[in-house]
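All residue numbers for the sequence shown refer to our numbering, where the first residue is 85 and numbers rise by one. From the three backbone atoms N, C-alpha and C, an ideal C-beta is built for every residue, glycine too.
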Amino acid sequence: MTTILIAILLLALLPDIYIWHLLSRAGVAAGWGVAALLPTALLLAMAAAAAAGYMNPATMKTFFGVLLCVTLPKLLFALVSVAGRCAALWLPSAAHRADVAAAVLAAALALAFLYGFVFGWRRITVRHVEVVSPHLPEAFDGYCVAHISDLHVGTWGSDTAFLGRFVGRVNALHPDAILFTGDLVNMSASEVGPHMGVLSRFEARDGVFSVLGNHDYCEYGRYDTRDGALRQRDTLIAREGEMGWRLLRDGNVVLRRGGDCMALIGVENTGRPPFPARGDLGKALEGVPAEAFKILLSHDPSHWRSEVLPATDIDLTLSGHTHAVQLRVGGFSPARWVYPEWGGLYREGDRALHVSVGAGGTVPFRLGAWPEITILTLRRR
Numbered sequence: 085m086t087t088i089l090i091a092i093l094l095l096a097l098l099p100d101i102y103i104w105h106l107l108s109r110a111g112v113a114a115g116w117g118v119a120a121l122l123p124t125a126l127l128l129a130m131a132a133a134a135a136a137g138y139m140n141p142a143t144m145k146t147f148f149g150v151l152l153c154v155t156l157p158k159l160l161f162a163l164v165s166v167a168g169r170c171a172a173l174w175l176p177s178a179a180h181r182a183d184v185a186a187a188v189l190a191a192a193l194a195l196a197f198l199y200g201f202v203f204g205w206r207r208i209t210v211r212h213v214e215v216v217s218p219h220l221p222e223a224f225d226g227y228c229v230a231h232i233s234d235l236h237v238g239t240w241g242s243d244t245a246f247l248g249r250f251v252g253r254v255n256a257l258h259p260d261a262i263l264f265t266g267d268l269v270n271m272s273a274s275e276v277g278p279h280m281g282v283l284s285r286f287e288a289r290d291g292v293f294s295v296l297g298n299h300d301y302c303e304y305g306r307y308d309t310r311d312g313a314l315r316q317r318d319t320l321i322a323r324e325g326e327m328g329w330r331l332l333r334d335g336n337v338v339l340r341r342g343g344d345c346m347a348l349i350g351v352e353n354t355g356r357p358p359f360p361a362r363g364d365l366g367k368a369l370e371g372v373p374a375e376a377f378k379i380l381l382s383h384d385p386s387h388w389r390s391e392v393l394p395a396t397d398i399d400l401t402l403s404g405h406t407h408a409v410q411l412r413v414g415g416f417s418p419a420r421w422v423y424p425e426w427g428g429l430y431r432e433g434d435r436a437l438h439v440s441v442g443a444g445g446t447v448p449f450r451l452g453a454w455p456e457i458t459i460l461t462l463r464r465r
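So, in structure tokens, the structure goes:
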């Protein structure tokens with residue numbers, strides 16, 4: 085945590101020092117220089133609070149709001165301006181032009197991030213994707229799955245408006261099954277309480293199926309007893325059942341259409357460090373007919389290459405977890421620096437992985453990676 089605090093300090097303070105220097109040279113009142121430091125002081129105070137364990141949702145929202153809408157635009161301004169002054173060694177007019185360009189770029193970045201905080205995290209999008217497989221039984225040709233993930237309902241507090249719209253959009257698409265790939269909450273089962281009535285309204289012919297994500301184990305909160313996280317997890321599991329969701333914990337359910345069958349398989353969270361690896365894929369596959377078309381729900385997409393591809397014949401894996409770091413520009417997201425498969429459909433021969441960028445997040449911000457509902461239509465080749 086100390087390293088993070090030092091990095092934030094440098095990220096925020098160095099551009100402030102540079103901007104203060106520019107203002108001083110331009111003869112601008114010193115008060116403006118002091119004002120420029122206020123967001124940085126606020127940022128550092130909240131970072132210190134987080135290090136001491138006092139970060140709450142409101143503080144987190146403010147922290148990331150200042151970081152993205154103020155600190156990063158100032159950093160961009162400083163970098164472009166410094167580059168212009170370096171170029172001024174050969175082209176004297178470059179410094180002024182660079183300052184103008186830096187101001188425009190910084191303002192554009194601040195406005196884009198502000199949009200993500202105010203509107204982007206509520207902007208529901210629907211994607212339609214066809215998954216073609218020669219192994220799909222004829223009776224399931226055209227079967228529609230609504231893949232949703234990472235609701236993180238705690239971020240919404242007691243406001244059910246967004247989730248009400250989200251559930252309505254899913255139901256209006258009339259999926260055959262709704263498959264949720266984990267992270268229903270941020271830290272505790274209590275977060276789902278205000279939303280149980282809304283989330284129980286999901287409708288699909290074959291029902292709603294889910295798995296646990298790393299947040300659903302409730303290990304990121306602080307508890308008075310050693311078994312606090314375990315008790316919260318068990319409460320969350322019970323509440324999913326009360327909502328009519330079928331939670332797959334290293335288990336499966338087989339759907340049949342005449343003589344054809346499809347298996348929905350779910351594992352406990354299985355990821356790479358620092359995230360836990362609790363799943364038992366062998367146990368989850370027990371009793372699955374060999375001829376069944378197999379769909380696996382596994383929260384972390386890294387599980388696909390680490391175990392699913394080399395050790396099983398599972399046809400389609402559904403994951404979430406990455407959120408595309410809630411930031412996507414065109415086909416690029418910084419998430420690709422950590423996860424090779426971070427959003428969308430990926431294939432290896434006849435086998436596929438679909439990664440949902442999710443619908444919520446621990447931070448109420450999304451830009452480009454809008455809250456997502458994906459309708460996967462299964463097609464027989």
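Its Cα nearest to that of Ala-436, the residue Leu-402 stands out among Tyr-423, Leu-402, Arg-412. Distance from the CA atom of Phe-147 to the CA atom of Ala-288, rounded to whole angstroms, is 39 Å. Going by beta carbons, Phe-224 and Leu-429 fall outside the 8 Å limit.
The three-state secondary structure of His-387, taken from DSSP, is helix.
Around the beta carbon of Thr-309, fewer than 16 other beta carbons sit within 10 angstroms, so the residue counts as exposed. Under the DSSP assignment, Tyr-199 falls in the alpha helix (DSSP H) whose first and last residues are 178-202.
Your pair Glu-432 and Leu-393 checks out as a contact, with CB atoms roughly 6 Å apart and the cut at 8 Å. Ranked by Cα distance from Trp-329, the options Ala-313, Phe-286, Ala-368 are led by Phe-286. Linking Leu-93 to Trp-104 through their CA atoms gives a straight-line distance of about 16 Å.
Taking all protein chains in view, the Cβ of Arg-181 is surrounded by fewer than 16 other Cβ atoms within 10 Å, so the residue is classified as exposed.
Within the same chain, and ignoring the five residues on either side of Phe-246 in sequence, the residues whose Cβ sits closer than 7 Å to its Cβ are Arg-206, Trp-240. Here His-299 carries a helix assignment [DSSP, helix/strand/coil].
Straight-line spacing of the CA atoms in Gly-305 and Leu-314 works out to 11 Å. Across the structure, Tyr-301 and Glu-370 are spaced so that their CA atoms are roughly 24 Å apart. Contact between the region 156-172 and the region 413-421 is absent: fewer than three C-beta pairs spanning the two stretches fall below 8 Å. Looking at the DSSP output, Met-346 shares a beta bridge with Leu-339, Phe-377.
Contact annotation: the region 340-354 touches the region 379-392, with at least three C-beta pairs closer than 8 Å. Per DSSP, reduced to three states, the secondary structure at Thr-446 is coil, with no helix or strand assignment.
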